[in-house]
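Residue numbers (the working numbering): 803 to 988. Since the structure comes first, as C-alpha cells, the remarks are kept for the end.
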C-alpha cells in the first residue's frame, strides 16, 4: 500500500512539473540569482486592462489600438480575456549566457516549442517560440538579447497569433515591438 501511495504522489508531482511553462521553469532554475528582475502580470490584470479599454474606447489618444469586431466587442477585450498571464525576466549581467541557455532549452531535441520567427537588428537578437496544445497556441515565448541585456517574455493562455500585435501595444517591454512583425508576416 505504501508503494502505491508513493507512486501516486510521484506521478502527481511529475504532472505538476509539466504544467509549468518555460519562463516559470527558467525562473525556478535561477531563483536564487539576484541578477534577475521579474515582472508577473496575472489574468486579473489583463481583465483590468480590458475594462480600461472599454472605458476609453472613444479616446483617440490611448496607446492601445481599439478595433470593434462585427459583434460590437472590442478586439482588445477578446484578446486579453483568453490570456492567463505574462511573465518577464530581465538581467543585465551575463546576458549572453542566459540568452544561449534559453535558446538551447527551447530548441533541444524533443522540445514542445516551435520557432515562429527570429530577428536580428543591429545588436539585438529576438527569437519567438510557440507551444501548441490541441491546435491552439497556449504559450508564446520571446527570448531577447540586446547588447548587455537579456529579456525573456512569456505569455500563457489561448493566444491568437492574428491579434498578437495588440499585445505588443499593451506592454512596454524591450523587444515586445517585435510581436508586431508576427502579424505582418501572417
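Glycine residues also receive a C-beta, built at the ideal position from the N, C-alpha and C atoms.
Query: Span of the alpha helix (DSSP H) around residue 791; Result: The requested residue 791 is not part of the displayed model; the chain covers only 803 to 988.
Query: Residue 881 classed as buried or exposed, judged by whether at least 16 other C-beta atoms fall within 10 angstroms; Result: buried
Query: Close beta carbons around residue 839, own chain, < 6 Å, minus the five adjacent residues each side; Result: 892
Query: C-alpha gap between residue 835 and residue 896, whole angstroms; Result: 11 Å
Query: 7 Å Cβ shell around residue 900 - same chain, five flanking residues per side excluded; Result: 893 and 952
Query: Backbone CA spacing between residue 936 and residue 958 [nearest angstrom]; Result: 15 Å
Query: Collapsed DSSP secondary structure at residue 815 in the structure displayed; Result: In this prediction, residue 815 scores a pLDDT of 39, lower than 50, which makes its location untrustworthy; no coordinate-derived value is stated.
Query: Cut-off 6 Å between Cβ atoms - residues of its own chain near residue 844, not counting five sequence neighbours on either side; Result: 887
Query: Same chain, Cβ closer than 6 Å to residue 915, five either side skipped, listed in chain order; Result: 908, 931 and 933
Query: Selection from 950, 824, 925 and 912 that minimises the alpha carbon distance to residue 890; Result: 824
Query: Unbroken stretches of the beta strand (DSSP E), 3 residues or longer, contained in the segment 918-949; Result: 926-935 and 938-948
Query: Whole-Å CB distance - residue 898 paired with residue 947, under 8 Å assumed; Result: 7 Å
Query: Residue 822 (DSSP reduced to helix, strand or coil); Result: coil
Query: Bridge partner(s) assigned by DSSP for residue 888; Result: 843 and 957
Query: Per DSSP, cross-strand counterpart(s) of residue 752; Result: Any answer about residue 752 is impossible in this case: the structure gives the chain only from 803 up to 988.
Query: Exposure label - residue 923; buried when at least 16 CB within 10 Å; Result: exposed
Query: Sub-8 Å separation of residue 945 and residue 905 beta-carbons; Result: yes
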